[in-house]
Every structure is written in C-alpha cells, then in structure tokens.
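**Student:**
Protein chains: 2
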Amino acid sequence: MTTAKRDTYTPETLLNVAVQVFNERGYDGTSMEHLSKAAGISKSSIYHHVAGKEELLRRAVSRALDGLFGILDEEDARVGRPVERLEYVVRRMVEVLIAELPYVTLLLRVRGNTDTERWALERRREFDHRVAELLKAAAADGDVREDIEVRLVTRLVFGMINSIVEWYRPDGRGMNEREVADAVAQLAFGGLRKAGDGRG
Amino acid sequence: MTTAKRDTYTPETLLNVAVQVFNERGYDGTSMEHLSKAAGISKSSIYHHVAGKEELLRRAVSRALDGLFGILDEEDARVGRPVERLEYVVRRMVEVLIAELPYVTLLLRVRGNTDTERWALERRREFDHRVAELLKAAAADGDVREDIEVRLVTRLVFGMINSIVEWYRPDGRGMNEREVADAVAQLAFGGLRKAGDGRG
DNA sequence: CCTTGTCCCGACCGATCGTTCGGTTACTCT
DNA sequence: AGAGTAACCGAACGATCGGTCGGGACAAGG
Numbered sequence: 625m626t627t628a629k630r631d632t633y634t635p636e637t638l639l640n641v642a643v644q645v646f647n648e649r650g651y652d653g654t655s656m657e658h659l660s661k662a663a664g665i666s667k668s669s670i671y672h673h674v675a676g677k678e679e680l681l682r683r684a685v686s687r688a689l690d691g692l693f694g695i696l697d698e699e700d701a702r703v704g705r706p707v708e709r710l711e712y713v714v715r716r717m718v719e720v721l722i723a724e725l726p727y728v729t730l731l732l733r734v735r736g737n738t739d740t741e742r743w744a745l746e747r748r749r750e751f752d753h754r755v756a757e758l759l760k761a762a763a764a765d766g767d768v769r770e771d772i773e774v775r776l777v778t779r780l781v782f783g784m785i786n787s788i789v790e791w792y793r794p795d796g797r798g799m800n801e802r803e804v805a806d807a808v809a810q811l812a813f814g815g816l817r818k819a820g821d822g823r824g
Numbered sequence: 625m626t627t628a629k630r631d632t633y634t635p636e637t638l639l640n641v642a643v644q645v646f647n648e649r650g651y652d653g654t655s656m657e658h659l660s661k662a663a664g665i666s667k668s669s670i671y672h673h674v675a676g677k678e679e680l681l682r683r684a685v686s687r688a689l690d691g692l693f694g695i696l697d698e699e700d701a702r703v704g705r706p707v708e709r710l711e712y713v714v715r716r717m718v719e720v721l722i723a724e725l726p727y728v729t730l731l732l733r734v735r736g737n738t739d740t741e742r743w744a745l746e747r748r749r750e751f752d753h754r755v756a757e758l759l760k761a762a763a764a765d766g767d768v769r770e771d772i773e774v775r776l777v778t779r780l781v782f783g784m785i786n787s788i789v790e791w792y793r794p795d796g797r798g799m800n801e802r803e804v805a806d807a808v809a810q811l812a813f814g815g816l817r818k819a820g821d822g823r824g
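Each protein sequence line maps, in turn, to chains L and D. Going by our numbering, the first residue of the first sequence is number 625, and it counts up by one from there. Going by our numbering, the first residue of the second sequence is number 625, and it counts up by one from there.
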C-alpha cells in the first residue's frame, strides 16, 4: 500500500522547515546547504521531495495567498454594508496573518527577482485592490472619513496590519489572534470613522 | 589641488546607485556584477571607492539611522507635553522617511545575516524604544487611549509609518512629505486620542 | 529468498559569488 | 614634457551557489 507512511519527510513537513529558515535569513540569503542543515538531511535528499528552492517558495506563498483570498469568499465579507464588510475583512486579515504567520511573512517580503516572486507580487496587488474597492464603497456610503484619500488610507491600514509579521510571536503567554484583531480594528476604525464611539 | 573633482564616481555617488539596486533586488539578491552594470564601471573598479559590498550597506543604513535619531534631538521632540512631542516625532518620522526614502527602505529590510545588519537592527530597536517611552509618557498624562497596550500601539503605528517605503514614490505629481505626514498623523491620532476632534 | 520502490547519501557539476591583483588609461601639477 | 596619481580595467582567485548523479540502506510484498 502506498498509504502506509514512515516518519520521514514529506513536501509539507520540509516546507515548514524551509519557510522558517527563509524568514530568518531571507530567501536569497538562504542556501540549500542551510536548508539541509536545518532539516537534518543532506542537500541532495531535499531534491527527492521537491523540485528545487523556488518550488518551496511557490508552495509557501501559495498557502499565504489562499488564506487571504479565502477571506473574500466568506459570507460576512460578501454581504452587508461595505463598512461592516470592511471591518470584518480587516479582522480576518489579522487572524489569517497570525494563523499562517511564517507563510504570510515570506509573502510580504518577496522582492520580484524570479517568476515565482513576480507572480506573488501580482496576486498581492490583486488582493489589495479588492480591499481598496471595499473601502471606496464604504466611503461612498459616507461611513468612513473622506478627508484622506481612499488609496492612501488603504495603504496605511495595510501597512499597520502587515507589520504584525515583524513582531508577533506565538510564544505561549502572548496575545491571541482575537485580541490583536480587536486592537487593530479599534485603532484603525477609531481613526477611520466619521463620527464613531471608538468601538467596532 | 584635491578640491578639483572630475565627473567620476565618489563613495557617495556610488552609494546612490548601490542603494537603488539593493532596494530593487534585495541586498542578498544583489551581486557586485549587478552593481557594476548599474554604475557603468567594472566590478573591480568599485573596490577603488569602497572596501566592499558590506561597506555600502553600512553607509546606507547609517545615513537612515542618523536621520531618524536626529529627530529626537530636535527641540520640539525634547520639550513640551509628551503627546505633542509624540505627534511631532511621528510627523518628522514620515518626513525623514520620505526625504531619505531609499536609505530608510534598505534599513527597514535588513535581516541580520551579517555584523552590519545586526548592528542596524539593534539601533532600530533603540529608536523604537525611545518613541515607545514617549507614548508611555503621553499615556501617563491621560492624553492617549489606554484600552490598548502601549507596546502594541507603538508597533502598529510604527508599522503604519514604515509601510510608506513600500508604496511612496516621489514621481513629480505625487503627494509631498507634508501631505503624507498630515494624513498619517490624522489617521493615527484620530484613533489614538481619547476625546479629540481628529485634527493634529 | 529476491524484487521493488522509497528515502537518503557523498561526490561532483558548471556557474556565480565577493574579492584581489597587475597593469593601463587619463588627468593634474610642476 | 615628465612625474605623480586617481580612476579604471580584464583576468583570475578560492569559496559557495543551486542542482545532478549513481548508488546504498531499508522496509514491504511476493
């Protein structure tokens, strides 16, 4: 049977190790030698599981993008007043970002040197655009302040959310996903709302 | 005379080119060959002006750090109510970040693979800490909301400011430094202030 | 037992890495 | 004109890069 498996590496478990090293040293700064040391197997053995270095990157950013785009398919992100859909998306972005922290971290650091990286950047722009449209709709309803450009506000809020990957560490006694999401929503919408009570 | 100069490269003009390439390809993703092509001189000629690749990085992040720490020495950042000093620092951070855009961009992307990078990370943490203390003092005065942890708010606001390097481009008909600084201050403090009018 | 296929390894590939070196050009100063 | 030197170059260095190759260890199925 092919279903019986040993405790050896699979493409997925290997990916976990690779993504961690990528985030520590940067993708370009990580050699296959680094990966083999971290995984505890020889360099050539890695190629038994994956096609190469770039495939590991592609698998990682795909996972991050799937998580983010999945938010837009959820019901609360599709129906209701734009401003409420927007707040839901913001909160879910924080949750997904934390749930898939190493993968999203890697996605947000991609530069565009290879085809895989350029594809990842394009999909990121697409996601940003979808959220920006939501904000624009909320502005058209008069539910968010309009004295700052929609484009600019989107970028700043995205910057706030995405910065989470730079400091959040899931070490036992830390904030959970919900608490961070609440804080982000309160800070963002407390400043965003035209006349609000500071509560989401 | 040594003051008479030709139109050849100096360590500074070479730095301009190098920082631009570093930001496009990433520091690790940039080879000396890339730099020589971008600068229009041979690879070996670069070593006539600078000691090596890492010195270019050190010069770049030093310039960024000097700009940021310089803010804390300005009078408006040293005297007055903490909340007002904080807002001044936030505005000036945006201005410095834009004025020294490529250098700060590079600083914010440093990973920690070399001694120079680790030194840069340490100085960044020091700067963040200084600003966090300012926020803490403003919170002690009751001038900013206290329902969110000071540490968390600091990180989120830093994330918002630092994200500017990811999208701001000084192409002619864009926003100027002041406009961006206003927007950031309004968005941040509109959410930060306990009972404000949304105006800095 | 022997085959089959998974998993892994050391050795090695050509290419590229950051850096060094000896030497040439071209400008400045006397 | 001649000396001095800043700026530059091609060629090459050892090291490391991502990736390949042939084969060995080991478990499962016959």
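Backbone N, C-alpha and C fix where the C-beta goes; we use that ideal spot for every residue, glycine too.
In this structure, how does DSSP classify residue 734/L when only helix, strand and coil are distinguished?
**Tutor:** coil
**Student:** Nearest by alpha-carbon distance to residue 718/D: which of 787/D, 647/D, 645/D is it?
**Tutor:** 787/D
**Student:** Taking DSSP as the reference, what is the three-state secondary structure of residue 803/D?
**Tutor:** helix
**Student:** Against chain D, does residue 790/L count as a neighbour if the rule is that its beta carbon must be under 8 angstroms from one of theirs?
**Tutor:** yes
**Student:** Among the residues of its own chain, which have a CB less than 6 angstroms from the CB of residue 684/L, if the five just before and after it don't count?
**Tutor:** 643, 727, 730
**Student:** Among 682/L, 715/L, 723/L, which has the Cα closest to the Cα of residue 734/L?
**Tutor:** 682/L
**Student:** So, does the CB of residue 653/L fall closer than 8 angstroms to a CB anywhere in chain D?
**Tutor:** yes
**Student:** Would you kindly work out how many angstroms separate the C-alpha atoms of residue 708/D and residue 770/L, rounded to a whole number?
**Tutor:** In a straight line, the C-alpha of residue 708/D is about 25 angstroms away from that of residue 770/L.
**Student:** Looking at the C-beta of residue 821/L, does it have a partner C-beta in chain D at a distance below 8 angstroms?
**Tutor:** Only weak support exists for where residue 821/L lies, its pLDDT of 43 falling under 50; the coordinates are left without a value.
**Student:** For chain L, check one thing: does any of its Cβ atoms lie closer than 8 angstroms to the Cβ of residue 783/D?
**Tutor:** yes
**Student:** Can you find a C-beta in chain L that's less than 8 angstroms from the C-beta of residue 787/D?
**Tutor:** For residue 787/D, at least one C-beta of chain L is nearer than 8 angstroms to its own C-beta.
**Student:** Can you give me the C-alpha to C-alpha distance between residue 660/D and residue 764/L, rounded to a whole angstrom?
**Tutor:** 50 angstroms
**Student:** Rounding to the nearest angstrom, what Cα-Cα distance links residue 767/L and residue 779/L in this structure?
**Tutor:** 18 angstroms
**Student:** Excluding five sequence neighbours on each side, which residues of the same chain lie with their C-beta closer than 6 angstroms to the C-beta of residue 774/D?
**Tutor:** 759, 760, 763.
**Student:** Given residue 804/L, which residues of its chain have a CB within under 6 angstroms of its CB, disregarding the five upstream and five downstream residues?
**Tutor:** 718
**Student:** Which value, in whole angstroms, describes the spacing of the CA atoms of residue 688/D and residue 678/D?
**Tutor:** 16 angstroms
**Student:** Could you tell me the boundaries of the alpha helix (DSSP H) in which residue 841/L lies?
**Tutor:** Chain L is shown only over 625 to 824; residue 841/L falls outside these bounds and no answer can be derived.
**Student:** Going by CA-CA distance only, name the one from 700/D, 656/D, 696/D that's closest to residue 680/D.
**Tutor:** It is 656/D whose Cα lies nearest to the Cα of residue 680/D.
**Student:** How should residue 809/D be labelled, buried or exposed, when 16 other C-beta atoms within 10 angstroms of its C-beta is the threshold for buried?
**Tutor:** Residue 809/D is buried by the Cβ-count criterion.
**Student:** Since residue 792/D contacts residue 725/D with CB under 8 angstroms, what's their CB separation in whole angstroms?
**Tutor:** 7 angstroms
**Student:** Can you give the beta carbon distance from residue 714/L to residue 781/L, rounded, assuming they're within the 8 angstroms contact cut?
**Tutor:** 7 angstroms
**Student:** Does DSSP classify residue 729/D as helix, strand or coil?
**Tutor:** Assigned with DSSP and collapsed to three states, residue 729/D falls in helix.
**Student:** Can you grab the Cα-Cα spacing for the pair residue 634/L / residue 723/L, in whole Å?
**Tutor:** 21 angstroms
**Student:** DSSP three-state label for residue 700/D, please.
**Tutor:** helix
**Student:** Check the Cβ of residue 810/D against every Cβ in chain L and list those closer than 7 angstroms, keeping chain order.
**Tutor:** 772
**Student:** Can you tell which of 800/D, 783/D, 654/D has the C-alpha that lies nearest to the C-alpha of residue 812/L?
**Tutor:** 783/D
**Student:** How many Å lie between residue 626/D and residue 640/D at the Cα?
**Tutor:** Summary for residue 626/D: the model assigns pLDDT 35, below 50, so the residue's position carries little reliability, and this model does not support an answer.
**Student:** Comparing C-alpha positions only, which one of 648/D, 776/D, 737/D, 705/D sits nearest to residue 738/L?
**Tutor:** 648/D
**Student:** Can you find a CB in chain D that lies within less than 8 angstroms of the CB of residue 625/L?
**Tutor:** Low local confidence applies: a pLDDT of 39 at residue 625/L is under 50, so the model's placement there is unreliable, with the coordinate-based value given in what follows. Chain D, which has no Cβ nearer than 8 angstroms to the Cβ of residue 625/L, makes this no.
**Student:** Quick one: give me the first and last residue of the alpha helix (DSSP H) that residue 660/D is part of.
**Tutor:** 656-663
**Student:** If you count every other CB in all the chains shown that lies within 10 Å of the CB of residue 704/L, and 16 or more means buried, which is it?
**Tutor:** exposed
**Student:** Tell me whether residue 705/L sits in a helix, a strand or coil according to DSSP, three-state version.
**Tutor:** coil
**Student:** Can you name the residues of chain L whose CB is closer than 9 angstroms to the CB of residue 777/D?
**Tutor:** 807, 811
**Student:** According to the Cβ coordinates, are residue 658/L and residue 645/L closer than 8 angstroms?
**Tutor:** yes
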